[in-house]
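Going from the sequence shown to our numbering is simple: count from 1 and add 908. Note that beta-carbon positions come from the ideal geometry of N, C-alpha and C, so glycine has one too. Keep in mind that this is a model prediction, so the values were computed, not measured.
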Amino acid sequence: MGAIETDATSYGAGGLVFGTRSATTDTSPSERMRIDATGNVGIGTTSPYAKLSVEHLSSTGTVIGADALSTFTGNLLDLKVASSSKFMVNYLGNITTAGTFAPSGVGTNMLVTSDASGVLVSSSTPTAAAYYATSTTATSTFAGGFSAGNNAAFVVNQAAAANSLYVNAAGNVGVGTAGPSYKLDIVGDIKASTNFYLGSGLVLDSNGGNSVGDIDFYYPTGGAGVKTLGLFGNQDTTLNLKLADGILQVDGTGNSYIQGNVGIGTTSPQTKLNVDGGANDTYFKLSNSYSGGMNTDGLNIGIYQNGDAGSAEIWNWENGYLRFATNGSERLRITNSGNVGIGTTTPTSLLQVAGATAPKITLSDTDASADQKHWFIESNTGKFAIGTTSDALATNATYRALTIDSSGNVGVGATSPQSLLHVRGGDIRIDTAVTGSTKRGILFTGDTGATPYMREVFDWSSTDLNFERSADGSTWTNIMNLDWTNSYVGIGTTSPYAKLSVEHLSSTGTVIGTDALSTFTGNLLDLK
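Following this line, the structure appears as structure tokens:
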């Protein structure tokens, strides 16, 4: 098990820490590698003081090791300054350097440089515990297996079966090889008991040449150890990062793969990605080169901690639309002007719902009784309808209570109204809660002029039904009155005294008139 965490406690500077656990019962990961806020990388240390700081606080073991295949022919170590190699160890163990050697130790003090031909030259008086030299151009022999000659190689055998150290005439240094091909050519492992520093880049190639190689980090378990972090790939194609058998992988194309939950701001993520802003508002911000990267750019998705605590938002800072899709198709769009479109990408009003087959908006009251829950509004082939439907929302169980067609005809109970108002299937009832002279019922107008002729049917006294007319809409003349109490009809009077009472308050004219065809032979008046 492993962990990656930051030592930052806020949005300030902080480092990135890589840790591992030695067992599932280990409750606290042990730090293995750190990248501090300045970019320094530390392995085995929490205070890296160089771009790469490696510490090994033990009297045994290996600090930095390099191993390669038997067919490997590249450099095991290449130290550069400004892209220029200064110190190299090749696959043969040859060491190549562009600078000077300054070894020191008990009984030893010597500074060595090389001339243009690659010959080693002592820049000071060399001293050693014991050595022998001829002081001529002939081969000089030193006790312990050192031999050097004019334009010859520098070889240290140290009683080894093969050359331990070899510097050829070209200045290439071989460690474990007599044929160094590079400034420093090493065959075998490399170990540093303290820190290892590089002036520029570090190249480790485990397969020879410029092909596939890797850098591996192990957690010791008594044997060979368990690989916890690996860098591997081809320098011309991809570079891969792998942590603990695939728990974290980053390939050369920039793709990342993580097994387990990832926590940002939390050490106990509950889901694949768990972001916790603590006591602050928490957002995901999405931006690109078009939107810009400022605080008021791009898209925010987040929740509030302060002010409207518990509220969430999806906030587009850009002058563009926001859309939602399912199954590969857009379903809802909010334009930059605030119009909402469902089924359309170009809504022209605050809310526009579009569909190919009779689009509906349904309101459902889940507390209502069976088949009484659902009301809808609908646009269907030029008609607007308001209706109800069953709990199954079945079309064949739908009743359209109100329909308005494209001509403006209104149907109540009629789905194909034939007039401006078409009522079908029941009575028409008009109730008014107003009493007195301002009460109105059914009003008919004769034209649309400034002073239209108007007719009205209304219930004035809550008992009688009256018919009136007006030429200006303000002064009304009673034409007929139906007395509710006595079932009388009054024409010209609001107080009928008989089943039919006709009043004509004028000295001229006709009170009751009848007219018939010239061929009429019946009674004009029959009183019985």
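Query	Result
Identity of the residues DSSP links to Val1248 by a beta bridge	Ile1242, Leu1259
Segment contact flag, the region 954-973 with the region 933-944, C-beta cutoff 8 angstroms, min 3 pairs	yes
Contact check, Leu1000 vs Thr1085, beta carbons under 8 angstroms	yes
Burial state of Glu1221, where buried means 16 or more other Cβ atoms lie within 10 Å	exposed
At least 3 beta-carbon pairs within less than 8 angstroms: the region 1409-1416 vs the region 1428-1435	no
Segment contact, 8 angstroms Cβ cut-off, at least three pairs: the region 1092-1102 with the region 991-1000	yes
Where Gly983 sits in the DSSP three-state scheme	The identity of residue 983 in the sequence shown is Asn, whereas the question assumes Gly. Asn983 falls in the strand class under three-state DSSP.
Cβ pair count under 8 angstroms reaching 3, the region 1209-1219 against the region 1231-1239	no
Cα-Cα separation, Asn1103 to Gly969	14 angstroms
Near the ligand GDP: Ser1324 beta-carbon under 7 angstroms from a heavy atom	As far as ligands go, the structure on display features none, and thus does not contain the ligand GDP.
Selection from Lys1091, Ile1420, Lys1268 that minimises the alpha carbon distance to Lys988	Lys1091
Beta-carbon gap between Leu1240 and Asn1224 smaller than 8 angstroms	no
Through-space distance from Gly1290 to Ser1314, alpha-carbon basis	5 angstroms
Helix, strand or coil at Phe1232 according to DSSP, with G and I counted as helix	strand
Candidates Ser1176, Ala1217, Asn1389, Ile1166, of which the one nearest Asn1188 by Cα	Ala1217
Inter-residue spacing [alpha-carbon to alpha-carbon] between Gly1295 and Asn1389	38 angstroms
For Val1320, three-class secondary structure by DSSP	strand
Asn851, buried or exposed, once every other Cβ within 10 Å from all chains shown has been counted against 16	Residue 851 cannot be examined here, being either before or after the span of the chain that is shown, 909 to 1436.
For Leu1373, the residue or residues it bridges with in DSSP	Leu1390
Nearest residue (CA-CA) to Ser1298, options Lys1281, Ser1257, Pro1255, Val1083	Lys1281
Rounded Cβ spacing between Val1081 and Thr1005 (contact assumed at less than 8 angstroms)	6 angstroms
Cα-Cα separation, Ala1262 to Phe1292	13 angstroms
Within 8 angstroms, strictly: CB atoms of Ser1257 and Asn1247	yes
Buried or exposed (CB count within 10 angstroms, at least 16 for buried), Asp1380	exposed
Neighbour-count burial assignment, Asp986, 16 or more Cβ in a 10 Å radius	buried
Own chain residues within Cβ distance below 8 angstroms of Gln1178, not counting five before or after	Asn1169
Where Arg1308 falls, given that 16 or more other Cβ within 10 Å makes a residue buried	buried
Assumed close pair Ala1266, Glu1238 - CB separation to whole angstroms, cut-off 8 angstroms	Their Cβ separation, rounded to whole angstroms, is 20 angstroms, which puts Ala1266 and Glu1238 out of contact at 8 angstroms.
Of the residues Pro1404, Ala1276, Ile1399, the one placed nearest Val1419, counting alpha carbons only	Ile1399
Backbone secondary structure at Asn1017 - three-state DSSP	Its pLDDT being 48, under 50, Asn1017 is placed unreliably by the model, and the measurement read from it follows with that caveat. Strand, per DSSP.
Three-state secondary structure assigned by DSSP to Phe926	strand
First through last residue of the beta strand (DSSP E) which encompasses Leu1329	1329-1331
Status (buried if at least 16 other CB within 10 Å, exposed otherwise) for Thr1204	exposed
Short Cβ contact (8 angstroms threshold) for Ser961 with Asn948	yes
Close beta carbons around Thr1253, own chain, < 6 angstroms, minus the five adjacent residues each side	Arg1241
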